[in-house]
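**Student:** In UniProt numbering, the protein residues as written are 1 to 380. Even for Gly, the Cβ is constructed at its ideal location relative to N, Cα and C. Just so you know, these numbers come straight off a predicted model, no measurement behind them.
1) Please state the DSSP three-state secondary structure of residue 301.
2) For residue 72 and residue 47, I'd like the C-alpha separation in whole angstroms.
3) Can you list the beta strand (DSSP E) stretches of 3 or more residues lying completely in the segment 285 to 330, in chain order?
4) From the DSSP output, read off the bridge partner residues of residue 341.
5) Please classify residue 247: does DSSP put it in a helix, a strand, or coil?
6) Nearest-angstrom Cα distance between residue 241 and residue 273?
7) Given residue 178, which residues of its chain have a CB within under 8 Å of its CB, disregarding the five upstream and five downstream residues?
8) Quick one: what does DSSP say residue 235 is sitting in, helix, strand or coil?
9) Are there 16 or more other CB atoms within 10 angstroms of the CB of residue 74, so buried, or fewer, so exposed?
10) Excluding the 5 residues flanking residue 264 on each side, which residues of the same chain have their C-beta closer than 7 Å to its C-beta?
11) List the whole-angstrom C-beta distance separating residue 247 from residue 225, where the pair is believed to meet the contact cut-off of C-beta under 8 Å.
12) Does residue 46 come out as helix, strand or coil in the three-state DSSP assignment?
13) Report the rounded CA-to-CA distance for residue 19 versus residue 96, giving the unit in angstroms.
14) Going by DSSP, what residues sit across from residue 221 in a beta bridge?
15) What are the start and end residues of the alpha helix (DSSP H) that includes residue 274?
16) Determine the direct distance from the alpha carbon of residue 249 to that of residue 284, and round the result to whole angstroms.
17) Hey, residue 314 and residue 334: beta-carbon distance below 8 Å or not?
18) Could you tell me which residues DSSP puts in a beta bridge with residue 242?
19) If you compare alpha carbons, which of 318, 332 and 68 is closest to residue 324?
20) Do you know how far the Cα of residue 17 is from the Cα of residue 91?
21) Tell me, which residues are paired with residue 270 by DSSP?
22) Based on the DSSP output, what are the partners of residue 98 in its beta bridges?
23) For residue 362, does the count of other Cβ atoms within 10 angstroms reach 16, so buried, or fall short, so exposed?
24) With C-beta atoms as the reference, is residue 369 less than 8 Å away from residue 350?
25) Going by DSSP, which residues form a beta bridge with residue 362?
26) How would you call residue 321, buried or exposed, if buried means at least 16 neighbouring beta carbons within 10 angstroms?
27) Label residue 70 either buried or exposed according to how many other C-beta atoms from any shown protein chain fall within 10 Å of its C-beta, with 16 as the threshold for buried.
28) Run the CB neighbour count on residue 374, radius 10 Å, all protein chains shown included, and call it buried at 16 or more, exposed below.
29) Does residue 55 pass the burial test, meaning 16 or more other C-beta atoms within 10 Å, or should it be called exposed?
30) Between 63, 258, 308 and 76, which lies nearest to residue 387 when the distance is taken from Cα to Cα?
31) Go ahead and label residue 244 buried or exposed: buried means 16 or more other beta carbons lie within 10 angstroms of its beta carbon, across all protein chains shown.
Encoded structure:
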C-alpha cells in the first residue's frame, strides 16, 4: 500500500465516524458550526505538501552552500521525488473534493428513491476512542513502513537492541504523549530531515520485515524502487528484503563511492559478495574489490599528481629506506613516506619535519611583530 494512501485512510476513518455521529445527533440535519482544527485533525494532504516544500527549500539551501558532485546528484534525485509527491497530493485533493461532493448529494438521492428503499448497513460495534494522532504516529502504523526512510530525529532507535522494547511500541514509549508534538515539530520534520533520513536508511538502520506467509502467485516488489521484480532477477538480502538486480547494483556502486556506505548492508546485516556474484556486473564487483582494499588500509598513500590522486597502497611509516611508488595511471612517482612528488633525475629528500619547523618559526616572528605593533599603539 502506498504510504500516503495509508495516512489518508487512517485519518479518514476517524473523520467519517465523527461525521456519522454528528448527523445522528442533529435532528434538523443542520450543518455544524465551523470549529478550529484540533490536534490530530490535520489534513494529511496539507501535511505532506508542507513537508515536501520544506525539504525542497532545504535542498536549495544545500545547493547554494556548494555541495559536491555526488551530493548534487543525490539532491537532484530527492528533488524529483518531492516534486512527484506534490503532484500526487494535488491529484489526491481533486479526488477527495469529488468524493466529498458525491457524499453530500447522497442523502438527497436516497429521499427521492421509490418504495422507501433504504440502504442496508451492517451494525458495527462502537469504536474505542483513539488517541490524538500525529503524522509521525500514523507513519509508524503504515503497513510496510520498514521499507521507508522513516524520520526519527537526531536519535537513531536501535530496534534490534534486546535491552528495551522493539518495534512501534518502543517508538511510542520513547515519545510520551506530552512531548510528542514538540518532538515531531522540532526534530522529525525539521530542515535537513530528508537527506539525513535517506542517508540513515542507506546505512542500514531499517527494520526487518515481519514474518509472514508470502503468496507464491504474487510477484515480490523491490524494497528500493517498489517495482515488481522480473522473474530470475530476485536477490534477497540476508535480512529478507527483496532487491532487483538494478537496485542491488546501485547499492554496491554507492558503497564504492562513499566510505560511509561501505560495506553494503541492509538492516545492519552485511550483504556478502557471494550473494550477488553472477547477478551484479563483473565491472561493479571489480571496482568494489579495489575499493575494499583501499578502505581496509588505515594509512593510505595516494598519487601526488593533483589530476590523478590514485590509491597507491599503504603509507610508509618508518624513517629509512622510503621508496618512490610508481603510479600505474599517470606514471608519476610519489614518496611513500612524505607523500610528495618525486622528480626524475633528482635526489628526493623528505622535508616534512623541516617544513613544520619553518612554519613554527614564521608563526613566532609574526606573533612578535604583532606584539610590538600593539605596544607602540598603546604608547601613543
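**Tutor:** Straight from the coordinates:
1) Residue 301 sits at position 301 when you count from the first residue of the chain shown. In this structure, residue 301 counts as strand in the three-state DSSP scheme.
2) Reading the chain shown from its first residue, position 72 is the one you call residue 72. Reading the chain shown from its first residue, position 47 is the one you call residue 47. About 26 Å.
3) Within the segment 285 to 330, the complete beta strand (DSSP E) runs of at least 3 residues are 300 to 302, 311 to 314 and 324 to 326.
4) For the purposes of this step, residue 341 is taken as the residue at position 341 of the chain shown. Residue pairing of residue 341 in beta bridges, as defined by DSSP: 334.
5) By 1-based counting over the chain shown, the position of residue 247 is 247. Annotated three-state conformation of residue 247 is helix, per DSSP.
6) Residue numbering aside, residue 241 sits at position 241 when the chain shown is read from its first letter. Residue numbering aside, residue 273 sits at position 273 when the chain shown is read from its first letter. Distance between the alpha carbons of residue 241 and residue 273: 16 Å.
7) By 1-based counting over the chain shown, the position of residue 178 is 178. Per-residue confidence for residue 178 stands at a pLDDT of 42, beneath the threshold of 50, marking its modelled position as unreliable; no derived number is given.
8) Walking along the chain shown from the start, residue 235 turns up at place 235. The answer is strand: DSSP assigns residue 235 an E or B state.
9) Against the chain shown, residue 74 aligns to sequence position 74. By the neighbour-count rule (16 or more Cβ atoms within 10 Å), residue 74 is buried.
10) As a working mapping, residue 264 is identified with position 264 in the chain shown. Here residue 264 has 251, 252, 255 and 271 as same chain residues with Cβ atoms under 7 Å from its own Cβ, once five neighbours each way along the sequence are excluded.
11) Taking the chain shown and counting its residues from 1, the one referred to as residue 247 is at position 247. Taking the chain shown and counting its residues from 1, the one referred to as residue 225 is at position 225. Their Cβ separation, rounded to whole angstroms, is 6 Å, which keeps residue 247 and residue 225 in contact under 8 Å.
12) Locating residue 46 in the chain shown gives position 46, counting from the first residue. It is helical.
13) Here residue 19 refers to the residue found at position 19 of the chain shown. Here residue 96 refers to the residue found at position 96 of the chain shown. Spanning the two alpha carbons is a distance of roughly 16 Å.
14) On the chain shown, position 221 is the one that residue 221 refers to. DSSP output for residue 221 lists 228 as bridge partner(s).
15) By one-based count along the chain shown, residue 274 stands at place 274. Counting along the chain, the alpha helix (DSSP H) containing residue 274 begins and ends at 273 to 276.
16) What you label residue 284 is simply residue 284 of the chain shown in a count that begins at 1. What you label residue 249 is simply residue 249 of the chain shown in a count that begins at 1. Taking the straight line joining both Cα atoms gives about 7 Å.
17) Here the question's residue 314 lines up with position 314 in the chain shown. Here the question's residue 334 lines up with position 334 in the chain shown. Residue 314 is not a Cβ neighbour of residue 334, given a cutoff of 8 Å.
18) Reading the chain shown from its first residue, position 242 is the one you call residue 242. Its beta-bridge partners are 236.
19) Your numbering for residue 324 matches position 324 in the chain shown. Distances from the CA of residue 324 to each of 318, 332 and 68 were compared; the closest alpha carbon is that of 332.
20) Within the chain shown, residue 91 is the residue found at index 91, counting from 1. Within the chain shown, residue 17 is the residue found at index 17, counting from 1. In this structure, the alpha-carbon of residue 91 lies about 24 Å from that of residue 17.
21) The count along the chain shown starts at 1 and reaches residue 270 at position 270. DSSP lists 265 as partners of residue 270.
22) As a first step, residue 98 is located in the chain shown; it is residue number 98 there, counting from the start. Per DSSP, residue 98 has no beta bridge partner at all.
23) Here residue 362 corresponds to residue number 362 of the chain shown, with the count starting at 1. Exposed is the call here.
24) Locating residue 369 in the chain shown gives position 369, where the first residue counts as 1. Locating residue 350 in the chain shown gives position 350, where the first residue counts as 1. Result no, Cβ atoms of residue 369 and residue 350 do not sit closer than 8 Å.
25) Counting from 1 along the chain shown, the entry for residue 362 is found at position 362. Its beta-bridge partners do not exist; DSSP assigns none.
26) The count along the chain shown starts at 1 and reaches residue 321 at position 321. Residue burial is scored here from C-beta neighbours: residue 321 has fewer than 16 other C-beta atoms within 10 angstroms and is therefore classed as exposed.
27) Here residue 70 refers to the residue found at position 70 of the chain shown. Counting Cβ neighbours within 10 Å, residue 70 comes out exposed, since fewer than 16 surround it.
28) Here residue 374 corresponds to residue number 374 of the chain shown, with the count starting at 1. The residue is exposed, with fewer than 16 neighbouring Cβ atoms inside 10 Å.
29) Sequence index remark: in the chain shown, residue 55 carries index 55 (1-based). Label assigned to residue 55: buried.
30) This structure cannot speak to residue 387, because the chain is shown only from 1 to 380.
31) For the purposes of this step, residue 244 is identified with residue 244 of the chain shown, where counting begins at 1. By the Cβ neighbour-count rule, residue 244 is buried, with 16 or more other Cβ atoms within 10 Å of its own.
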